[in-house]
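In what follows, a single structure is set out as structure tokens and then discussed.
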Ligand code: SF4
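Numbering (our numbering), first residue to last: 1465 to 1814.
This is the structure in structure tokens:
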């Protein structure tokens, strides 16, 4: 008997006729790549992709921007930051607006660049805006280690670093399947994702190429129809069960968990990362005694709902009208990883 032809990942996705399923792209890069590669066009109507909280700029709260502006305008420090953050609206203005008022804002490509700038400008106090997840924290720790080695007293971090496990907890029930961010799992390993299946949370780790994304979605759809919680690592060439021990050790050595505010999700206990007491000279909040600042987002902005998969960007009343990449009202329209910028760039019809 002739063996039945094995279906390709694409065929599995296109021909899916199982129950309705909501898949959350935890990572903003996945959102953009899935749009860019035209994968949304392949999905049958009962497969819904929703955006999640994995864009570091998007989940950073308004109050963090306000803190950076306070440091720049009140303390005269030089802010070094990735470019995206410069255009994110704070309560009264963005860092770009602060720059017009005389704030020193420098765009850098890494924390190492910021540390180098500090070493070359001893007359300036330099603060690097440290945001991101498990993937970025090790590089930020390394910059602090280097600053200590170089004897710098003019370099520190304003940290809003976060860790994903608590976010998965907070988002339980928002989706049927998580598309886990491969680069985060490359650092953390897969133990947590495997454990989450015991609480009924299903997911697959996905890479970033067309083949890797199609494979991950196809595996997710096949497993979903089996009716049991599951976890599959579909990015094994990069993600190992144990993750990166080196990165984990560095982060453990220098940082500890703290409560952290996420845009849209509020304060999630233990979901943040801050420097341990031994490194407090490099903690900008302590160094400059930053007062508590409660940021206020534009009331029209629904970034919080977008980040929890509660609405699509195009459901936001100001999407594409008042809020565009040229004039962003919220963080999700600014960042290259933001869901609103993806919907704006590729359209909602795919
Ligand atoms: Fe916020 Fe703009 Fe997205 Fe609306 S379209 S949720 S205002 S970023």
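By construction, the Cβ of each residue, glycine as well, lies at the ideal position given by its N, Cα and C atoms.
- Burial check for residue 1744: the Cβ neighbour count within 10 Å stays below 16, so the residue is exposed.
- Just measuring C-alpha positions, the residue of 1719, 1725, 1655 sitting nearest residue 1601 is 1719.
- When distances are taken from the beta-carbon of residue 1499 to the heavy atoms of ligand 1, even the shortest one reaches 7 Å or more.
- For the stretch 1497-1542, the full-length beta strand (DSSP E) segments reaching 3 residues or more read 1511-1515 along the chain.
- When beta bridges are read from the DSSP output, residue 1488 appears opposite 1514, 1642.
- As a beta-bridge residue in DSSP terms, residue 1591 pairs with 1543, 1620.
- DSSP places residue 1746 in the helix class (H, G or I) of the three-state scheme.
- Shown here, residue 1676 sits in a helix according to DSSP, grouped into three states.
- Residue pairing by DSSP puts residue 1719 in a beta bridge opposite 1739.
- In this structure, DSSP gives residue 1475 a helical state, which the three-state scheme calls helix.
- Per the DSSP secondary-structure output, residue 1596 pairs in a beta bridge with 1625.
- Put simply, the stretch 1501-1512 touches the stretch 1662-1682. At least three CB pairs are less than 8 Å apart.
- For residue 1666, the enclosing beta strand (DSSP E) begins and ends at 1666-1670.
- Sequence-distant partners of residue 1585 (beyond 5 residues in either direction) whose C-beta falls short of 8 Å from its own C-beta, in its chain, are 1542, 1618.
- The straight-line gap separating the alpha-carbon atoms of residue 1625 and residue 1533 is approximately 18 Å.
- Spatial neighbours of residue 1649 in its own chain (CB-CB distance under 8 Å, excluding positions within 5 residues in sequence) are listed in chain order as 1657, 1669, 1697, 1699, 1703, 1707.
- For residue 1798, the enclosing alpha helix (DSSP H) starts and ends at 1795-1798.
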